[in-house]
Amino acid sequence: MTKIKNIFLFTSLSITIALLFLVDKVSAVQSYSPYCGDGLVNQSWEQCDGQSYCTSFCQFNSQCIAGVFARINVINVENWNGGDMTSDIFLGSASNRIPQGKWFPLYVNGSYIDDSDIGNYEVVPGLAVQRQGSNKKLRVRLHGSHTEASGTKEHIQGYIEFINASVLTQESDNSGNNKLENPFDNIKEKEPTQDEVWISDNKSMFWLTVTTQDDSFYTNYGNVNICTNKPKCSDSIDNDGDGKKDIQDPACHTDGNPNNTNSYNPDIDSENEKPVITLLGNNPIEILQGSNFTDPGATANDPEDGDITYKITVSGFVNTSVPGQYTLTYNVADSKGLAADPVQRTVIVKQISNPVNHKPTITLLGANPITILQGNSFIDPGATAYDIEDGDITYKITVSGFVNTSVPGQYTLTYNVADSKGLAADPVQRTVIVKEKQSLEIFNEKVEETEEKGKVRITWETNLPSTSRVVYDILSHSQPEGGYLYGYRWSSAKDENLVLRHSVFISGLVDGVTYYFRVVSGNDSLREKVGKELSIKLIPDRPNECNYLLEYIQLGANNNPKEVLKLKVFLNVFEKENLQLNGIYDIAAFEAVKRFQAKYLNDIITPWGHESPTGYVYILTKKKINEIYCQKAFPLTPAQEKEIEEFRSFIEGLRKANVFGKNGNNEDNLSGASQEVNNVPQEIASSTSEKTAVDEGGSKNMQENKQFEKDSKNKSLFASLINVIDEQWGGLGNVFLLFIIILIVVAFIYFRRNSENR
Numbered sequence: 017m018t019k020i021k022n023i024f025l026f027t028s029l030s031i032t033i034a035l036l037f038l039v040d041k042v043s044a045v046q047s048y049s050p051y052c053g054d055g056l057v058n059q060s061w062e063q064c065d066g067q068s069y070c071t072s073f074c075q076f077n078s079q080c081i082a083g084v085f086a087r088i089n090v091i092n093v094e095n096w097n098g099g100d101m102t103s104d105i106f107l108g109s110a111s112n113r114i115p116q117g118k119w120f121p122l123y124v125n126g127s128y129i130d131d132s133d134i135g136n137y138e139v140v141p142g143l144a145v146q147r148q149g150s151n152k153k154l155r156v157r158l159h160g161s162h163t164e165a166s167g168t169k170e171h172i173q174g175y176i177e178f179i180n181a182s183v184l185t186q187e188s189d190n191s192g193n194n195k196l197e198n199p200f201d202n203i204k205e206k207e208p209t210q211d212e213v214w215i216s217d218n219k220s221m222f223w224l225t226v227t228t229q230d231d232s233f234y235t236n237y238g239n240v241n242i243c244t245n246k247p248k249c250s251d252s253i254d255n256d257g258d259g260k261k262d263i264q265d266p267a268c269h270t271d272g273n274p275n276n277t278n279s280y281n282p283d284i285d286s287e288n289e290k291p292v293i294t295l296l297g298n299n300p301i302e303i304l305q306g307s308n309f310t311d312p313g314a315t316a317n318d319p320e321d322g323d324i325t326y327k328i329t330v331s332g333f334v335n336t337s338v339p340g341q342y343t344l345t346y347n348v349a350d351s352k353g354l355a356a357d358p359v360q361r362t363v364i365v366k367q368i369s370n371p372v373n374h375k376p377t378i379t380l381l382g383a384n385p386i387t388i389l390q391g392n393s394f395i396d397p398g399a400t401a402y403d404i405e406d407g408d409i410t411y412k413i414t415v416s417g418f419v420n421t422s423v424p425g426q427y428t429l430t431y432n433v434a435d436s437k438g439l440a441a442d443p444v445q446r447t448v449i450v451k452e453k454q455s456l457e458i459f460n461e462k463v464e465e466t467e468e469k470g471k472v473r474i475t476w477e478t479n480l481p482s483t484s485r486v487v488y489d490i491l492s493h494s495q496p497e498g499g500y501l502y503g504y505r506w507s508s509a510k511d512e513n514l515v516l517r518h519s520v521f522i523s524g525l526v527d528g529v530t531y532y533f534r535v536v537s538g539n540d541s542l543r544e545k546v547g548k549e550l551s552i553k554l555i556p557d558r559p560n561e562c563n564y565l566l567e568y569i570q571l572g573a574n575n576n577p578k579e580v581l582k583l584k585v586f587l588n589v590f591e592k593e594n595l596q597l598n599g600i601y602d603i604a605a606f607e608a609v610k611r612f613q614a615k616y617l618n619d620i621i622t623p624w625g626h627e628s629p630t631g632y633v634y635i636l637t638k639k640k641i642n643e644i645y646c647q648k649a650f651p652l653t654p655a656q657e658k659e660i661e662e663f664r665s666f667i668e669g670l671r672k673a674n675v676f677g678k679n680g681n682n683e684d685n686l687s688g689a690s691q692e693v694n695n696v697p698q699e700i701a702s703s704t705s706e707k708t709a710v711d712e713g714g715s716k717n718m719q720e721n722k723q724f725e726k727d728s729k730n731k732s733l734f735a736s737l738i739n740v741i742d743e744q745w746g747g748l749g750n751v752f753l754l755f756i757i758i759l760i761v762v763a764f765i766y767f768r769r770n771s772e773n774r
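So that you can map any letter, position 727 of the sequence shown is 743 in my numbering, and since no number is skipped, the others follow by simple counting.
In structure tokens form, the structure reads like this:
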């Protein structure tokens, strides 16, 4: 069995699975055999080779593996007199046989691997291999299965290699009967009568001979050098192809001396790489006998030195008077003397039996035809001309024709050239099309409701790709004004994507309100343009869960504009009012509410004990509006019922005390303080029960309810006092007390109003 110290953390699932399968007998991992590669360490590390034990989890995509790996290579196996030694390798336990010559892990991502049964070797017909990862040891044991008396002997020869580690020392395992007979005589060859273990070329070499006891040894490894995109001076690779790598490469030394170990810098990420030569012109080049030849040349670039074209040397020659094939060889070396791969150019001098003057040829540069927009500038890309006899004669090209970019149309430019003997090339023409610049057009504007409440979709099309934006308002603008909003109140965010079909969503709209929209499009080269005005009125729905009006509204209070707008919409739709739709609770809205309260007097006003509307949207007014809108009942809470009942008792107490006169009318007996006393029920309601509140459950409402209870009790006691005095003093007492009551009520209203104003 194998245990892994610490926890493996892999960023790549594929590498995680692959590395886990590399660990023999890992708990909870399926028993696939992962040792399936080609046995070589290369950039496509351990590619599957199609063998029977190869699984889909054996391939690594990364060039660098964050781990230490080892493999055991068996060179020779020999048996005498019934020996049964094989080349099989058993990693960690007898049940985990792996093919020889395949890599297995010793260390992965910070965790060393130990075999849990490290103290007990298995009796196996081959090599038993066990890992002591934390001690950086690899133990190899050969078990003899026959007795010396029978003359049986078993031999096995091989070596151990490492990745990202090096062999430090070897030692004999002296536990039990495991001691090597003669392990360190440095003969370094097979000795049939005794064991041999040695280090050669940084490999752990062994030849084990077994008779009646086990032979085993430790290979101590170290210098863990995990590959994590190593610098080129420490990646064990000859990056520049000079046959030297890392510490042997002069480029990895600060002084360029590979013999000075103190100047070696493993963090240098660039060994001296070869410069590269690039030919200019054609290869091969054909010329006619007797004509001139000019070498087009070449360029040279070095990763370290940059452009070193000036260092190029050319060997070889071309004799244009003698037909044949000639070779020019280009060479260059960088500042450290590292030469580029030579590059050759072939020049063919063709024999002329009957000299013929060949036409030059013209080659256009750039596109043909070329299309530009009206008013844009035009620059001719030009052309080149080549003549077999004269060579490059581009400078002789003439161009006829013109292009007027201000007038749309199709124009033609004609290119001509002639060689030194007057032989003209075939003319070449270029077509230039000047297209009329189009103006932006908007069409197919539409607005429609969506399934989402309070949300609409505006769509339109344009003849040219352009941006998308919508301005909107609750007022119509027959003619758009200037500025970003074009006179409208709001604008959507601008969509900068240039499209032909546009779509913008507007949300947060209120039911029953008519909204007006104009679409806006444009782009960098076109001025913004607005479309025709669209309008839509969202029809209120009545879903099962409904609560239309959410807050109380009072004249002169700091009301929620959205709630006021909803109230006005309701009154316009359901009560046929004609209120201006905005968020201000003005006198017109106040009077409309009073008309609504008068219409439903018994449901809204009478329960309070009032006889006339108040214009204040409080508990029962809000309740009635929601019931009409939602078509369902909204029961009062116990606290609301108590508040209404206590206020009604207070009003009735005043009536019993004859404060309102014989007919219950304010004007009968309170003419002396006509306006103030006339509003007693309404003002008291406004200061106690009809006080502005955002939430009935809020702390402000709770304080007002407590104050209301206190006021009601005091006023009930006051009404009882009137009755007692009236019985004692008769009619005279009534007149006197009535006068006092009027003064008290007027004073109460005065101080209450001042308190509200503060």
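Cβ atoms here follow ideal geometry from the backbone N, Cα and C, with glycine treated the same way.
Asked, Found
"Residue environment, residue 100, which counts as buried when at least 16 other CB atoms sit within 10 Å", "exposed"
"Cβ-Cβ distance between residue 349 and residue 377 below 9 Å", "no"
"Exposure label - residue 574; buried when at least 16 CB within 10 Å", "exposed"
"Selected residue, minimal CA-CA separation from residue 329, among 220, 472, 340 and 314", "314"
"Cα-Cα separation between residue 291 and residue 336, rounded to whole angstroms", "31 Å"
"Residue 110 and residue 139 closer than 9 Å at C-beta", "yes"
"Residue 96 in three-state terms, based on DSSP", "strand"
"Endpoints, alpha helix (DSSP H) assigned at residue 643", "635 to 646"
"Counted within 10 angstroms of its Cβ, other Cβ atoms place residue 518 as buried (16 or more) or exposed", "buried"
"Which residues DSSP lists as bridging residue 317, in chain order", "292 and 323"
"Stretch pair the region 89 to 96 + the region 170 to 178: three plus CB contacts closer than 8 Å", "yes"
"Rounded separation between residue 52 and residue 113 - CA only", "Confidence in residue 52 is poor, its pLDDT being 43 and thus under 50, which makes the residue's placement too unreliable to answer from."
"Selection from 262, 514 and 411 that minimises the alpha carbon distance to residue 544", "514"
"Residue 116 classed as buried or exposed, judged by whether at least 16 other C-beta atoms fall within 10 angstroms", "buried"
"Outcome for residue 437 when other beta-carbon atoms lying within 10 angstroms are tallied against a minimum of 16", "exposed"
"Simplified DSSP assignment, three categories, for residue 149", "helix"
"Rounded separation between residue 494 and residue 595 - CA only", "22 Å"
"Where the beta strand (DSSP E) containing residue 355 begins and where it ends", "Premise fails: residue 355 is in no beta strand (DSSP E) and is neither H nor E."
"Residue 414 vs residue 431 beta-carbon contact at 9 Å", "yes"
"Reference residue 548, options 576, 500, 541 and 487, closest by Cα", "487"
"Rounded separation between residue 507 and residue 521 - CA only", "11 Å"
"Among 156, 270, 104 and 85, the one whose alpha carbon lies nearest that of residue 128", "85"
"Cut-off 6 Å between Cβ atoms - residues of its own chain near residue 263, not counting five sequence neighbours on either side", "280"
"Segment contact, 8 Å Cβ cut-off, at least three pairs: the region 617 to 628 with the region 592 to 607", "no"
"Whether residue 232 touches residue 144 by CB criterion (9 Å)", "yes"
"Bridge-paired residues (DSSP) for residue 407", "403"
"Residue from 108, 410, 601 and 516 with nearest C-alpha to residue 568", "601"
"is_contact[residue 756, chain B] using C-beta, thresh 9 Å", "The structure shown has no chain B; it contains just one protein chain."
"Reduced DSSP category for residue 721 - H, G, I as helix; E, B as strand; rest coil", "In this prediction, residue 721 has a pLDDT of 41, which is less than 50 and means its spatial position is unreliable; what the coordinates show is noted afterwards. Note: residue 721 maps to helix in three-state DSSP."
"With 16 other Cβ atoms within 10 Å as the buried cut-off, status of residue 265", "buried"
"heavy atom of the ligand GTP below 8 Å from residue 216 C-beta", "The ligand GTP is absent from the structure shown, which contains no ligands of any kind."
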